[in-house]
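In what follows, a single structure is set out as structure tokens and then discussed.
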Amino acid sequence: MEFTAQQIAAFLNGTLEGNGEVVVTDVSKIESGLPGTLTFLANPKYTRFVYTTKASVILVNDDFVAERKIENTLIRVPNAYESLALLLNIVQNGYNNKVGIHPQAFVSESAQVGKDVYIGPYAVVSDNAVVADGAKIYPHTFIDSHAQVGENSVLYSGVKLFRNCTVGKNCIIHGNTVIGSDGFGFVQDNAEAYQKIPQVGNVIIEDEVEIGSNCCIDRATMGSTIIRKGVKMDNLVQIAHNVEIGENSAVVAQVGISGSTKIGKYCVLGGQVGLVGHIEIADHVKIGAQAGVNNSIKEEGAILQGSPAFKIRDFQKSQVLLRNLPKLNKEILELRKEIEKLKKGLA
Amino acid sequence: MEFTAQQIAAFLNGTLEGNGEVVVTDVSKIESGLPGTLTFLANPKYTRFVYTTKASVILVNDDFVAERKIENTLIRVPNAYESLALLLNIVQNGYNNKVGIHPQAFVSESAQVGKDVYIGPYAVVSDNAVVADGAKIYPHTFIDSHAQVGENSVLYSGVKLFRNCTVGKNCIIHGNTVIGSDGFGFVQDNAEAYQKIPQVGNVIIEDEVEIGSNCCIDRATMGSTIIRKGVKMDNLVQIAHNVEIGENSAVVAQVGISGSTKIGKYCVLGGQVGLVGHIEIADHVKIGAQAGVNNSIKEEGAILQGSPAFKIRDFQKSQVLLRNLPKLNKEILELRKEIEKLKKGLA
Amino acid sequence: MEFTAQQIAAFLNGTLEGNGEVVVTDVSKIESGLPGTLTFLANPKYTRFVYTTKASVILVNDDFVAERKIENTLIRVPNAYESLALLLNIVQNGYNNKVGIHPQAFVSESAQVGKDVYIGPYAVVSDNAVVADGAKIYPHTFIDSHAQVGENSVLYSGVKLFRNCTVGKNCIIHGNTVIGSDGFGFVQDNAEAYQKIPQVGNVIIEDEVEIGSNCCIDRATMGSTIIRKGVKMDNLVQIAHNVEIGENSAVVAQVGISGSTKIGKYCVLGGQVGLVGHIEIADHVKIGAQAGVNNSIKEEGAILQGSPAFKIRDFQKSQVLLRNLPKLNKEILELRKEIEKLKKGLA
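Residue numbers (the working numbering), protein chains in the order written: chain A, 18 to 364; chain B, 18 to 364; chain C, 18 to 364.
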């Protein structure tokens with residue numbers, strides 16, 4: 018990004034105060050703003066920083082009244098926060114405007130490549146793979162044979178999309194995530210050695226899904242591991258074979274979901290949560306960080322915590338009682354003493 | 018895979034019923050079978066789907082008796098499940114039949130490369146590295162100098178096998194796993210800053226080992242970090258320096274094993290388990306998901322759970338008592354009341 | 018490494034006993050030493066191995082007196098352990114002495130590349146990126162546009178350093194670590210679908226930082242995610258957007274730190290620890306493995322454990338009481354009996 022204050026004011030339909038020629042190349046927080054950046058004042062708690070920030074340009078609300086002279090350039094808009102969000106989206110999109118197939122990319126002759134795609138240096142698009150219009154395949158990304166990337170999806174550097182797996186439209190997959198490695202399926206033979214169960218299913222990622230970096234989504238033994246529309250997944254998440262995650266659920270970092278478990282819609286799984294295999298979680302369920310879930314949850318909207326996980330109210334009660342154990346212990350000792358006294362009284 | 022029903026029936030020595038010309042290119046579950054796929058009926062619970070599945074070809078047991086007309090092609094075999102397993106193995110092997118060194122791979126002149134290997138585009142095989150007969154090195158995989166890959170082993174895309182580390186025969190290493198990064202070893206100097214302890218050992222992966230995606234296996238400080246024959250490891254597992262994992266043990270996703278800890282043979286470590294360093298785990302030990310183990314386990318076949326982990330029976334007892342804490346608390350209050358009454362009675 | 022015993026003795030200013038022509042190419046532990054390697058005897062507990070080790074050369078202290086004939090070559094030095102450390106550092110540095118830009122690397126014309134750098138095959142250095150003097154960029158490493166790598170820093174194979182992010186001097190980043198993926202920031206719209214909050218900040222890694230393999234460090238929403246000087250991080254660590262980790266802190270494997278949390282200086286976070294977002298941890302705090310921290314810790318040097326975490330003394334007390342629950346339970350039953358007896362006595 019590189020704009021003059023003038024250009025930004027014009028774009029936002031705002032009112033410029035001060036030097037319109039000043040150039041900004043980045044965005045900053047008002048309390049730590051640097052010259053050459055744009056910042057904003059939305060929360061009145063931060064008003065004092067408007068007089069000290071070194072940011073070159075400040076977005077403020079129309080009704081902002083300065084108590085003393087401000088050297089920085091101001092742009093007045095009806096809602097500074099919304100204007101900022103608008104600008105940030107443009108900035109973010111601006112970072113992702115690469116187009117063209119790099120001469121040092123490898124694209125198989127049998128691959129289908131759409132219009133306006135980006136395929137970076139050393140990316141590999143294998144036989145019979147599909148890269149739809151507007152998709153972006155960053156350097157070192159591997160699209161295996163018969164894998165498909167939908168329109169306008171972005172696969173960042175180092176993503177591995179294995180054989181037959183599909184990514185829908187408008188998805189974002191962050192660096193070094195692996196989609197379609199074999200599920201962890203073995204049977205023990207008579208000598209207790211593990212024999213591999215072939216994993217011949219695939220992974221289906223639906224539209225509008227975002228997946229963090231260094232995640233693992235295993236292919237199904239048969240059929241599909243499915244990540245439904247609108248799911249958002251953080252970094253280092255483990256999704257085993259034949260798992261299904263319902264629409265618009267959020268999965269925080271380092272969660273592990275075991276084989277064939279089915280998560281409902283609009284669920285939230287906190288960081289480092291673990292779920293055993295072959296269970297079902299109802300819609301709108303929230304599971305607290307580090308919880309361990311080993312049973313199906315049938316109640317919609319339930320909130321759970323703990324390992325093993327139970328309902329948050331019971332969990333909190335048990336936590337309080339746990340902390341009270343020393344008191345409980347003391348109370349029992351005292352009861353014992355009183356009883357001994359009573360016994361003597363009777364004797 | 019692409020076979021006619023006829024070809025599959027001939028291969029399995031089965032009896033064909035219906036159209037032998039129909040082509041299948043994939044395998045599916047009977048309840049969600051799609052046209053162009055092969056499915057199977059082994060479990061009688063699924064019999065009703067035989068009349069509704071859209072799979073083109075169904076493997077059934079010889080003694081299967083249809084209650085009404087089936088349009089799909091049937092292949093009768095003595096054991097439908099075993100025939101399927103046979104086919105799946107062929108399918109899986111068919112996916113992995115690549116041979117040849119891609120012109121856009123980099124192979125050092127001093128590397129030793131065997132017969133019938135596959136080295137994909139943008140793979141790197143460094144100085145003095147060894148890639149034995151039949152090994153498969155996928156795109157973006159890095160074989161560092163003096164590293165060795167044994168016969169018929171498969172290193173999927175993005176695997177990094179660092180200097181001096183060795184992978185045995187018939188191993189499978191999934192995408193983006195790192196073998197031979199430095200162990201986490203430091204000493205604090207007088208200013209409490211950490212100084213690196215050189216990590217000059219290596220990693221030895223023995224034969225028939227499978228390792229998931231995005232795992233980390235650190236090289237030993239001196240000597241070797243060792244993964245013994247037949248070990249199976251899921252995704253996102255952390256193996257620190259100088260760890261040893263015994264033959265035929267299974268390590269589920271997101272487990273972390275700290276430095277110099279030694280795991281016995283035929284052990285199972287559940288998902289997200291953590292083990293401290295410098296302990297030993299006996300053979301056939303099973304550790305439940307999310308457990309934290311901070312002491313050696315000397316009893317063969319012990320089953321542990323919890324963080325800190327203790328034997329599963331004690332763990333379960335303590336869980337029951339934990340849930341009983343509110344009742345216990347109430348009982349103590351009542352005892353107190355009774356004693357007060359008794360005291361009044363005595364007075 | 019490849020040295021004769023003679024060369025090592027001369028370098029260490031030590032006294033040679035035995036064959037000076039013998040060549041060593043590696044270092045080994047005395048109890049498992051192999052021919053062609055160098056080992057050492059520092060701890061008297063290991064003295065017996067000096068007579069059985071197959072290592073070709075043994076470093077011993079000047080005052081070592083052999084009780085019987087030793088065939089291996091000895092090198093006597095004032096302090097065998099310090100001499101070994103010196104040698105190991107040289108060995109380690111020897112592994113990392115690559116220089117030159119490989120013809121199959123891609124380096125943008127607008128990138129700034131210093132002197133004596135190494136850029137391996139299929140590495141990518143993008144537009145306006147900076148690779149300072151002496152830095153080493155291994156194969157398949159991606160330096161995105163406007164990203165910077167400081168002097169003498171090493172980015173191992175598969176590291177992804179995204180747009181605008183910076184790595185200081187003398188850093189080591191291990192394989193497949195991702196720096197600068199988007200922070201996990203979304204708002205739910207009226208239909209409860211998640212809308213992405215643009216992540217336009219960056220990541221700053223200061224000098225002398227070491228980061229393990231397969232880690233994820235997300236870019237800030239605005240501003241910077243900051244890893245301060247001297248921080249050492251193990252494998253598979255998750256650092257969310259806008260986190261700050263203070264100087265010389267150590268972060269063990271599989272830790273997860275949520276957004277905007279600030280860790281002090283000289284802290285130690287044990288393996289698999291999780292921290293919620295928006296909290297502050299004081300300097301010199303130690304957090305035990307698998308703990309879950311959901312509140313700020315203001316006391317310098319505090320030691321915490323458990324999930325939820327509390328001070329280690331309280332944690333240990335509660336653990337003891339937990340294990341005592343069955344006894345407590347029994348004691349209450351007995352008190353009940355005694356009271357019933359007393360009541361009868363009164364009646």
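Backbone N, C-alpha and C define an ideal beta-carbon position, used for all residues, glycine too. Remember, it's a predicted structure, so these values are computed and weren't measured experimentally.
For residue i, the first and last residue of its enclosing alpha helix (DSSP H)
i      : result
V108/A : A97 to Y112
L29/A  : A22 to L29
Backbone secondary structure at residue i - three-state DSSP
i      : result
Q333/C : helix
E355/A : helix
Y173/A : coil
E348/A : helix
L342/C : helix
F66/A  : helix
E297/C : strand
G291/C : strand
G362/A : helix
E48/A  : helix
Terminal residues of the beta strand (DSSP E) in which residue i lies
i      : result
I320/B : I320 to Q322
S241/A : S241 to I244
E209/C : Looking at the DSSP string, E209/C is not in any beta strand (DSSP E), and its letter there is neither H nor E.
I222/A : N219 to I222
S198/A : V195 to S198
F57/A  : T54 to F57
R236/A : From DSSP, R236/A is part of no beta strand (DSSP E); its letter is neither H nor E.
V77/B  : V74 to N78
Distance between residue j and residue i (C-alpha atoms, nearest Å)
i      : j      : result
F9/C   : T158/B : What is shown of chain C runs 18 to 364, which leaves residue 9/C out entirely.
G37/B  : F20/B  : 10 Å
V134/A : Q322/B : 50 Å
I329/B : K315/A : 27 Å
A59/B  : G263/B : 35 Å
Q165/B : L172/C : 22 Å
K303/B : T278/B : 16 Å
L91/B  : Y139/C : 50 Å
V44/B  : N181/A : 12 Å
G137/A : A152/A : 11 Å
H301/B : F179/C : 45 Å
P52/A  : V41/A  : 8 Å
S66/B  : R85/B  : Sequence inspection shows Phe at residue 66/B; the Ser mentioned does not correspond to that position. Between F66/B and R85/B, the C-alpha separation is close to 12 Å.
V141/C : Q255/A : 28 Å
I243/A : T32/B  : 35 Å
K46/A  : I107/A : 18 Å
Environment of residue i [buried if 16+ CB atoms lie within 10 Å]
i      : result
D251/A : buried
K347/A : exposed
Q205/C : exposed
R80/C  : Checking the displayed sequence, the identity of residue 80/C turns out to be Asp instead of Arg. By the 10 Å Cβ count, D80/C comes out exposed.
G50/A  : buried
K282/B : buried
A128/A : buried
L350/B : exposed
A83/B  : exposed
S241/C : buried
Q24/B  : exposed
S313/A : exposed
Spell out a yes or no on whether the region 177-194 of chain A and the region 221-228 of chain A are touching, meaning 3 or more CB-CB pairs, one atom from each, closer than 8 Å. Verdict: yes, contact present.
Does the count of Cβ pairs from the region 73-82 of chain B and the region 95-106 of chain B closer than 8 Å reach three? Yes: at least three Cβ pairs fall under 8 Å.
Spell out a yes or no on whether the region 110-121 of chain C and the region 46-60 of chain C are touching, meaning 3 or more CB-CB pairs, one atom from each, closer than 8 Å. Contact fails: fewer than three Cβ-Cβ distances are below 8 Å.
Quick check: the region 200-219 of chain C against the region 141-160 of chain A, are there 3 or more CB pairs under 8 Å? No, the region 200-219 of chain C is not in contact with the region 141-160 of chain A.
Does the region 292-300 of chain C come close enough to the region 224-239 of chain C that 3 or more CB-CB pairs lie under 8 Å? The count of Cβ pairs closer than 8 Å, one atom from the region 224-239 of chain C and one from the region 292-300 of chain C, stays below three, leaving the stretches out of contact.
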